[in-house]
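Quick note on numbering: the sequence shown equals residues 8 to 712 in the working numbering.
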Amino acid sequence: MKKTGKGGPVRPVFPTAGAAPRAQNPMNALIALYQQGKFAEVIAQAAPLAKANPQVFALWNLLGASYAQSGKMDQAKAAFTRAAKLKPDHPDPHNNLGNVLRASGDTAQAIASYKKALACDAKYAQAHNNLGAIYLDQGKVTQAEEHLKTALKLVPTYAEAHNNLGNLSYRNGDHQRASEAYLAATKHNPKFAEAHFNIGVLAQAQGTFDKAERAYLTALQIRPTHADAMRNLGVVLQKRGDLAKAIAATRRATELAPKDTESHINLGLFHGENNAYREALDSFETALRLSPSSMRARLGKADVLLEMNRLTAAHDVLADAHNAQPEAIEPVANLGLVLQRLGRHEEAARLYEDAINRHPDASALRVNLGLIYEDLNQWQKASEMFAEALSVEPSNNTAARMLAKLPKALVDDTRLDQLDTFHRDHIETIARDSSRLFFEADLDRLRGNIDDAFSKIEQANAARLDQNDNGDGDDASDLTGVRDRLRSWTPVTATVEPAVKPVFILGPSRSGKSVLEYLLAQSGNVNPLYEPIRTMPQAEREASFDSMFYASEDTLRAHGVELATSTNPHVLAHITAVADAFPAAAFVFVKRNPLDLGADIFATEYGRGNTYAYDPAKLVSYLNLYNEIAEAFLAKAGARAMAVSYDDILNHPEKVILKIGDHVGMPIAAKATVPETLPAKSVYREAFKAVLEREGLERPHEIRE
């Protein structure tokens, strides 16, 4: 999900009016008002005086400064131009006119005005500072440094020049000199909000978020309306794990600067992280109204639509983003993921393959392609993609973790060396302690150190339980009422044979259901729909094939498809409604040895959901409940439901396919072979068995037909 906050210090604070107009007795009151920040009162009193005394230079200069501080740049420009004509040899009006021109975007004329100020007085420090700042904006680092150092040589306590020199050092990557310069700025002017802000930006870039937070709070104490400081404070709070405060700060930033696209994007990201998807979508849409071409806003909106399961809408947003910037990597990477979620794996694979040819150094594309190959059970290709991604970007922790999760037969010594190098040099890029432990467990497994690996898995699961950091409830809660509903359920009888018969393949995670779907998909008349579901049928509501799946029944039939398989994990929680909505559908349960199944679930790190997996007692309860529901459904559904074993899928795939074909009443070509890398038994079987014995838990029972 994408950088938040700005990448570096903002441009220098808008300089003040320069040396105060030389006070003459009638102007003392106006000068006092100006110094108190009462610019509107200065304008109200000085404007008629200047009109009555058009030749008084000090009045026009003060009036111009007051207009500038009030944001009235056109009036400020006119006043300073008048002052400069009255005293063309005085540096103040030229310098101040340059400030106004710069704020208005007229860089060339601003530079000319600053140079006129220096022509009047070569030792005029403010003009040197302002020229340095404007050259820095233009990337003319040498000229910028020359003028800034001259300003500091003339006035060593000049806080604005120290701040700008800090900006220059930051841009050059010299964080030490930048820090020294910003600290010097705050030393000479403790109330200089922009310097405190820049200290925060530097600390944020260095990952010292506590220091960054203090600096932003100081800047906001001095200037409560500092929108950039408020926005970046939100980023730091999010980094430190205080999401509620991050949202509050970022919302305040959008109030302070309603047209700041980045603040709205950040608010959308934080709402999304907080699972407040409607609010997140509103924020991204606001950002896109302000900046229709913002890639961050488009990507953020697509992410939220994905979380809301609005896959088609997410696809459209990303397709537009990809068309707008065909050379950008993130849109194509995310578009492929959406296609994968839509079950269009081959299309996603082609998209990635083409993008990799254009972006050979884009490791993320290789990782995503590897994930698609995994879904397609093309394990060797998946291994190659993950290894290539890690070669392209040795610090890519996703590539390393996915490579480490593969079966041992797919990770040779060269790839194991890659993983060892990642562990030595980049393990800190894996943020969660539990994730690091899972990764290290995989390394031990690949080396054959099963006991050490399982010990780390237990530690990782304990950490996940303690942290409760995935933000999801226990998936088992979805099943609590299903068993009771089945007791009183009477199946609907099919009266019409569908054009395409749905086949729901059911089983817990790691049961082997995706392998079965892969085998069935080798037959030309079977189309895999994988896990995506558009809308789950509800009890007593009509449903159609096209309303449930991201596929058209007519289109599939036109391509010779007779069976469409789904492995959506949530079907069991709605199984009676699904069965009634599709009375001609078939249901195939995959059963696996409960010790092997439990061990592999316990050893798996889930991104979200499946929280029962981290606690042996909850895992046993979940598997028993799942199997009881399966048994009850098998008994009630009769010929519409069947069970096949994982062992038979591995050892006798042709017989399993033929059996399913007989069951659904359609011939299915039994020509597929099971990938040799799939293990028949879990390497953690005995270790998991020992855990159950230690905890006084009985092993889960297998589905009984």
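Every residue gets a Cβ at the ideal spot worked out from N, C-alpha and C, and that includes glycine.
Residue i, DSSP secondary structure in three states
i           : result
residue 594 : strand
residue 572 : strand
residue 678 : coil
residue 403 : coil
residue 533 : strand
residue 498 : coil
residue 710 : coil
residue 338 : helix
residue 509 : strand
residue 349 : coil
residue 456 : coil
residue 666 : helix
residue 462 : helix
residue 94  : coil
residue 630 : helix
residue 302 : helix
residue 148 : helix
residue 442 : helix
residue 162 : coil
residue 42  : helix
residue 271 : helix
residue 204 : helix
residue 131 : coil
residue 28  : Note that residue 28 scores 38 on pLDDT, short of 50, meaning its location in the model is unreliable and no value can be drawn from it.
residue 480 : The predicted model places residue 480 with a pLDDT of 49, which falls under 50 and marks its position as unreliable; any figure quoted below should be read in that light. The answer is coil: DSSP assigns residue 480 none of H, G, I, E or B.
residue 80  : helix
residue 356 : helix
residue 398 : helix
Which residues DSSP lists as bridging residue i, in chain order
i           : result
residue 652 : 598
residue 429 : Bridge partners of residue 429: none, in fact.
Reference residue i, options the options, closest by Cα
i           : options               : result
residue 594 : 601, 600 and 586      : 586
residue 460 : 692, 378 and 175      : 692
residue 357 : 368, 339 and 370      : 339
residue 76  : 55, 54 and 46         : 46
residue 708 : 665, 626, 113 and 364 : 626
residue 345 : 370, 360, 365 and 375 : 375
residue 509 : 536, 364, 492 and 210 : 536
residue 695 : 581, 620 and 525      : 620
residue 616 : 316, 577 and 256      : 577
residue 421 : 398, 363 and 303      : 398
residue 84  : 504, 58 and 117       : 117
Residue i versus residue j - alpha carbon distance
i           : j           : result
residue 62  : residue 81  : 20 Å
residue 574 : residue 341 : 22 Å
residue 280 : residue 322 : 20 Å
residue 222 : residue 204 : 6 Å
residue 301 : residue 326 : 14 Å
residue 177 : residue 474 : 37 Å
residue 618 : residue 624 : 12 Å
residue 671 : residue 647 : 8 Å
residue 307 : residue 291 : 7 Å
residue 712 : residue 652 : 11 Å
residue 147 : residue 335 : 28 Å
residue 480 : residue 442 : Here the model assigns residue 480 a pLDDT of 49, short of 50, so the residue's position is not dependable, and the following value carries that caveat. Using only the alpha carbons, I get a separation of about 19 Å.
residue 110 : residue 139 : 15 Å
residue 5   : residue 418 : This structure cannot speak to residue 5, because the chain is shown only from 8 to 712.
residue 149 : residue 208 : 23 Å
residue 329 : residue 371 : 16 Å
residue 744 : residue 550 : Residue 744 lies beyond the residue range present for the chain, which begins at 8 and ends at 712; the question has no answer from this structure.
residue 688 : residue 256 : 52 Å
residue 226 : residue 254 : 19 Å
Using a Cβ distance threshold of 8 Å, determine whether the stretch 570-584 contacts the stretch 367-387, with at least three qualifying pairs required.
No, the stretch 570-584 does not touch the stretch 367-387.
Within 8 Å, do at least three Cβ pairs link the stretch 657-665 to the stretch 418-425?
no
Say whether the stretch 598-614 touches the stretch 533-543, bearing in mind that this needs 3 or more beta-carbon pairs closer than 8 Å, one atom from each stretch.
no
So, does the stretch 81-100 touch the stretch 124-140, judging by three or more C-beta pairs under 8 Å?
yes
Does the stretch 165-177 come within contact of the stretch 187-204, defined as at least 3 CB pairs closer than 8 Å?
yes
Decide yes or no for the touch test of the stretch 620-639 against the stretch 675-686: beta carbon pairs closer than 8 Å, at least 3 of them.
no
Counting pairs of Cβ atoms below 8 Å between the stretch 227-242 and the stretch 252-270, do you hit three or more?
Counting Cβ pairs under 8 Å, three or more are found: they touch.
At least three beta-carbon pairs within less than 8 Å, the stretch 510-517 to the stretch 601-616:
yes
Count the CB pairs spanning the stretch 433-442 and the stretch 401-416 that are closer than 8 Å, and state whether there are at least three.
Per the Cβ contact rule, the stretch 433-442 is in contact with the stretch 401-416 (3 or more Cβ pairs under 8 Å).
Counting pairs of beta carbons, one from the stretch 489-496 and one from the stretch 639-646, are three or more of them closer than 8 Å?
yes
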